Amino acid sequence: MDHGTTLTQFIIEEQRRIPGATGDFTSLLNDVVTACKKIACAVNRGGLIGILGSAGSENVQGETQKKLDIISNDVMVNSLEWTGHLAGMASEEMDDPLPIPAMYPKGKYLILFDPLDGSSNIDVNVSVGTIFSILCAPEDCENPTLEDFLQPGTRQICAGYAVYGPATMLVLTSGHGVNGFTLDRSIGEFILSHPDMIIPADTREFAINMSNQRHWEAPVKRYVDECIQGQEGPRGEDFNMRWVASMVAEVHRILTRGGIFMYPIDEKLKARDQAGKLRLMYEANPMGFIVEQAGGACSTGRERIMELEPSGLHQRVPVILGSRNEVERVVAYHRESDGGKQQVA
Ligand code: AHG
Ligand code: MN
Ligand code: MN
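Listed below in structure tokens is the structure:
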């Protein structure tokens, strides 16, 4: 029986197209995929083996950690540190970059990850995920410094996420489009189920946490207000709204049927000295790479996310991503509000 193209086969075939490829990157990706399968298993059985709920600790960003945040982080670290493909790794759940232990060989890649995204959804059995971003370490770098990790998103060589939903899926880009794979549990393999994922340029669906409405800046207020006015408003069409509170699930929906997702800067975040809610290095950059590769756009509202020069491992940024024409509209509203001349019809 033919089960279709496995993820392993897909990445080996991609590797063969790159002259001089050593297979190192293919192996690293396989190790990441194995880690995601282990996390999928933990998330799946969480309620049966007593690993739901809070761990009673906080991460470097002052957020309460769930037991599964810590377990997922441990799975990523344990699955990747020994393999010889990495020079270092960094995670939402670790204050500083983690060096590769001295007893293991070092490789040429750096990985940054959000081991469990959307963790407020764990206990309520709603989709969560893992996000990762792969960079090259500087040449001959034995022990990468923090600065070595702070590369703009345009330098990513691969980004991906796993979404643990009704099906477990893995979505990947290495700069040649976006492909989606579904875990076939009967054989334990991810199978290519969504080749060449493309985000439609237009959409009538937006995603934003409306409870922050009173804190938003004028351009975001204007955009959402126009959507809500529907047929009677300036857009002349009704819009639909979704908010899952798991970025992976929102991005996955947008890759599947289009849409716009916004976690903008607002007065409440500013009052807490935060430049946004989502983190640049392991949320916004990898998702930006994936979304752009699928024909969408990803911006802070004022700058292309992937071109930002990072200033810190846990740096936060406003995120507006998805269907290109809608993201461009929101960016134009920012430009207009900031004093630019251009009028948007
Ligand atoms: P994490 O669980 O890794 O901290 O990320 C949660 C993020 C993101 O996935 C989601 O879009 C957003 O936080 C939800 O924020 P609100 O709870 O403010 O809606
Ligand atoms: Mn997250
Ligand atoms: Mn997380």
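Take the sequence shown: its letters are residues 5 to 349, numbered as in this note's numbering. For every residue, glycine included, the Cβ atom is placed at its ideal position computed from N, Cα and C. Every value quoted in this text rests on a predicted model; they were computed, and no experiment measured them.
| Item | Value |
| --- | --- |
| For Asp-118, verify whether its CB is less than 7 Å away from any heavy atom of ligand 2. | yes |
| Would you report the Cα separation of Gly-305 and Arg-159, rounded to the nearest angstrom? | 21 Å |
| Less than 8 Å between the C-beta atoms of Val-321 and Met-291, yes or no? | no |
| Thinking just about the alpha-carbon of each residue, which of Met-93, Gly-60, Val-64, Ser-83 is nearest to the one in Leu-72? | Gly-60 |
| What's the C-alpha gap between Lys-220 and Gly-280? | It is Trp, not Lys, that sits at residue 220 in the sequence shown. So the two alpha carbons sit approximately 11 Å from each other. |
| Quick check on the burial criterion: 16 or more other C-beta atoms within 10 angstroms. Buried or exposed for Leu-52? | exposed |
| Should Gly-122 be listed as close to ligand 1, given that the test is whether its C-beta is under 7 Å from any heavy atom? | yes |
| Quick check: does the Cβ of Asp-99 come within less than 7 Å of any heavy atom belonging to ligand 3? | no |
| Pairing CB atoms from the region 207-227 with CB atoms from the region 244-260, are three or more of them under 8 Å? | yes |
| Of all the options Arg-189, Gly-169, Gly-66, Glu-209, which has the alpha carbon lying nearest to the alpha carbon of Met-98? | Gly-66 |
| Give a yes or no on whether the C-beta atoms belonging to Tyr-286 and Ile-126 are separated by under 8 Å. | no |
| Taking only beta-carbon positions, decide if Tyr-168 is within less than 8 Å of chain B. | Here there is only one protein chain, and chain B is not present. |
| Short check: CB of Leu-3 to CB of Gly-164, under 8 Å? | This structure does not reach residue 3, given that the chain is present from 5 up to 349, and the question cannot be answered. |
| Hey, how far is the Cα of Pro-156 from the Cα of Asp-270? | 24 Å |
| Kindly identify the DSSP beta-bridge partner or partners of Leu-139. | Leu-114 |
| Can at least three beta-carbon pairs, one atom from the region 74-93 and one from the region 107-127, be found at a separation below 8 Å? | yes |
| Beta carbon of Lys-281: closer than 7 Å to some heavy atom of ligand 1? | yes |
| Taking C-alpha atoms, which residue in Asp-152, Gly-179, Ser-76, Thr-68 lies nearest to Gly-50? | Ser-76 |
| For Pro-290, name the three-state secondary structure that DSSP assigns. | helix |
| Straight-line CA distance for Ser-341 to Ala-222? | 7 Å |
| Go through its chain and collect everything with a Cβ distance to Glu-241's Cβ below 8 Å, but skip five positions before and after it. | Arg-208, Gly-234, Gln-235 |
| Confirm, please, whether the CB-CB distance from Ser-131 to Val-167 is below 8 Å. | yes |
| How many Å lie between Ile-15 and Leu-176 at the Cα? | 10 Å |
| CB Gly-133 to CB Ile-203, shorter than 8 Å? | no |
| In chain order, what residues of the same chain lie with their CB nearer than 6 Å to the CB of Asn-63, ignoring the 5 residues before and after it? | Gln-69, Glu-97 |
| Check each candidate in Leu-150, Met-201, Ile-264 and name the one with the smallest Cα separation from Gly-316. | Leu-150 |
| Which residue comes first and which comes last in the alpha helix (DSSP H) that contains Glu-332? | 328-341 |
| Just the C-alpha distance for Gly-192 and Arg-333, rounded to the nearest angstrom, thanks. | 43 Å |
| What residue range does the beta strand (DSSP E) around Val-175 cover? | 172-177 |
| Terminal residues of the continuous beta strand (DSSP E) containing Gln-69? | 68-70 |
| Out of Lys-274, Ala-288, Gly-263, which one is the CA nearest neighbour of Val-331? | Gly-263 |
| Flag this pair as yes or no: are the beta carbons of Tyr-113 and Cys-145 separated by less than 8 Å? | no |
| State the Cα-Cα distance for the pair Leu-187 and Glu-307, rounded to the nearest angstrom. | 36 Å |
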